[in-house]
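Q:
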Amino acid sequence: MTDEHTETGTGWPQPAGPVRPDGPAGEPDPRPEAPDPDELSPLSPQGRPPQDDAPAKGGDESAAGSFAAAVAAGWRRFGSATVMISVLLVLLGFTLAVQLKTTSTDSSLAAARQEDLVRILYDLEARDVRLRQDISTLEESQRQLRSGEQGRQAALQEATRRADELGILAGTLPARGPGLAVRFQAGAKPISAIRVLDAVQELRGAGAEAMQISGGDRASVRIVASTYFLDGENGSLIVDGRPLSGPFTITVIGDPATMRTGLNIPGGVVASVAQDGGNVIVEDREVAEVSALHVPRTLEHARPVG
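For any residue, its number in the working numbering is found by taking its place in the sequence shown, counting from 1, and adding 777.
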């Protein structure tokens, strides 16, 4: 073999020129447009097709945008429900906290007996009924006042009714109605003025509307907002400057059951008088008469506003 030829596996000499394997029998490809096989090789730099980065990049951005849109749609779908559930949970937690705080701080009710709780509940229900009746009466009066001639007549009737109520509260008019008769019987100690004042305050808190106190000599004094009580000699009382001898009886108009409950609360006037050795007798009256009148004094300094 000469240097101009290279050996092949068959022993035949190989031409020095480039051999085209695409042509028959190793001849050059007769097609003038055919590319060089070396250029089509994937290992050749010329054989690799040009990389078009723009379409690929645009595809990535499109995919990312679709993913972001899907995430945003999912968040809009579930975001409102999540916010609503969070708000409900916060409100529930606040309600539970307030309830626990109220329950923990109200130690007096927690330590009260069942009978006391029943009395308190009954008082609240009775007060609620009275307030609802007052609201209904005032609303009816308002409707009547807004109508023509009937309104003027209703206004006159309403003014008369209010004047009567104020007269009863001020003690210048007698009154009658359902109520109680509360009698004080002294024991080892006389009935003190502070015990009688406690009874008056408890009755007022239970809705008493009119009261008077009577002594053993049947003298009576109307109890109003300005009434005062002092201890007198030999177990007597001085009420608004008038002496009364025992035993003492308070006649009061109001709801009997509510006022009875108010007098019998733990540590109230009934329990206090019992500790002093005395006794308090409470009797229901279908019609209680409060006939003693209070003489109003002339005001020297106070004047109405407006």
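Ideal Cβ positions, reconstructed from N, Cα and C, are used throughout, including at glycine. Since the model is a prediction, treat every value here as computed from it, not as a measurement.
1) I'd like the span of the alpha helix (DSSP H) that includes Gly982, first residue to last.
2) Around the C-beta of Ile990, are 16 or more other C-beta atoms found within 10 angstroms, so that it is buried, or is it exposed?
3) Spatial neighbours of Asp1017 within its chain, please: CB distance less than 6 Å, with the 5 preceding and 5 following residues excluded, ordered by chain position.
4) How would you call Thr914, buried or exposed, if buried means at least 16 neighbouring beta carbons within 10 angstroms?
5) Note down the Cα distance separating Pro955 from Ser969, rounded to an integer number of angstroms.
6) Contact check, Val1046 vs Ala976 under 8 Å by CB: the rounded distance?
7) What is the C-beta distance between Ile1015 and Leu1007, in whole angstroms, given that I count them as a contact (C-beta under 8 Å)?
8) Here's a check: name, in chain order, each residue in its chain whose Cβ is nearer than 6 Å to the Cβ of Ile1058, leaving out the five neighbours to either side.
9) Where do the ends of the beta strand (DSSP E) carrying Val1059 lie?
10) For the alpha helix (DSSP H) containing Ala958, list its first residue and its last residue.
11) Which stretch, first to last residue, makes up the alpha helix (DSSP H) that contains Ser918?
12) Specify whether the segment 1052-1067 and the segment 1024-1032 touch according to this definition: at least 3 beta carbon pairs, one from each stretch, less than 8 Å apart.
13) In whole angstroms, what separates the C-alpha of Ala983 from that of Leu1040?
14) Given that a residue counts as buried once 16 or more other Cβ atoms are within 10 Å of its Cβ, and exposed if not, what is Ser924?
15) Going by C-alpha distance, which of Arg1037, Leu898, Glu935, Ala947 is nearest Leu980?
16) Tell me which residues share the same chain as Gly993 and place their Cβ nearer than 6 Å to its Cβ, disregarding the 5 neighbours each side in the sequence.
17) Within the continuous beta strand (DSSP E) that includes Pro1020, where are the two ends?
18) What does the Cβ neighbour count give for Arg972, buried or exposed, with the cut at 16 atoms within 10 Å?
A: From the atom records:
1) Locating residue 982 in the sequence shown gives position 205, counting from the first residue. First-last of the alpha helix (DSSP H) with Gly982: 970-982.
2) Taking the sequence shown and counting its residues from 1, one reaches residue 990 at position 213. So Ile990 counts as buried.
3) Residue 1017 sits at position 240 when you count from the first residue of the sequence shown. Result list for Asp1017: Val998, Thr1004, in chain order.
4) The sequence position of residue 914 within the sequence shown is 137, counting from 1. Around the CB of Thr914, fewer than 16 other CB atoms lie within 10 Å, so the residue is classed as exposed.
5) Position 178 of the sequence shown holds residue 955. Position 192 of the sequence shown holds residue 969. Rounded to whole angstroms, Pro955 to Ser969 spans 27 Å at the Cα level.
6) In the sequence shown, counting from the first residue as 1, residue 1046 sits at position 269. In the sequence shown, counting from the first residue as 1, residue 976 sits at position 199. With a Cβ gap of about 4 Å, Val1046 and Ala976 count as contacting.
7) Counting from 1 along the sequence shown, the entry for residue 1015 is found at position 238. Counting from 1 along the sequence shown, the entry for residue 1007 is found at position 230. Confirmed, about 4 Å.
8) Position 281 of the sequence shown, counted from the first residue, corresponds to residue 1058. Contacts found: Arg960.
9) On the sequence shown, residue 1059 is found 282 positions in, with the first residue counted as 1. Per DSSP, the continuous beta strand (DSSP E) segment holding Val1059 begins and ends at 1056-1067.
10) Here residue 958 is taken as the residue at index 181 of the sequence shown, counted from 1. No alpha helix (DSSP H) holds Ala958; the beta strand (DSSP E) holding it covers 952-962.
11) Against the sequence shown, residue 918 aligns to sequence position 141. Element bounds for Ser918: 891-922.
12) The segment 1052-1067 vs the segment 1024-1032: in contact.
13) By 1-based counting over the sequence shown, the position of residue 983 is 206. By 1-based counting over the sequence shown, the position of residue 1040 is 263. Their Cα atoms are separated by approximately 9 Å.
14) As a first step, residue 924 must be located in the sequence shown, where it is residue number 147. Exposed is the call here.
15) What you label residue 980 is simply residue 203 of the sequence shown in a count that begins at 1. It is Arg1037.
16) Sequence index remark: in the sequence shown, residue 993 carries index 216 (1-based). Close CB contacts of Gly993 within its chain, under the 6 Å cut and outside five residues either way in sequence, are with Ser1022, Gly1023, Pro1024 (chain order).
17) Within the sequence shown, residue 1020 is the residue found at index 243, counting from 1. Start and end: 1019-1021.
18) Against the sequence shown, residue 972 aligns to sequence position 195. Looking at its Cβ environment, which holds 16 or more other Cβ atoms inside 10 Å, Arg972 is buried.
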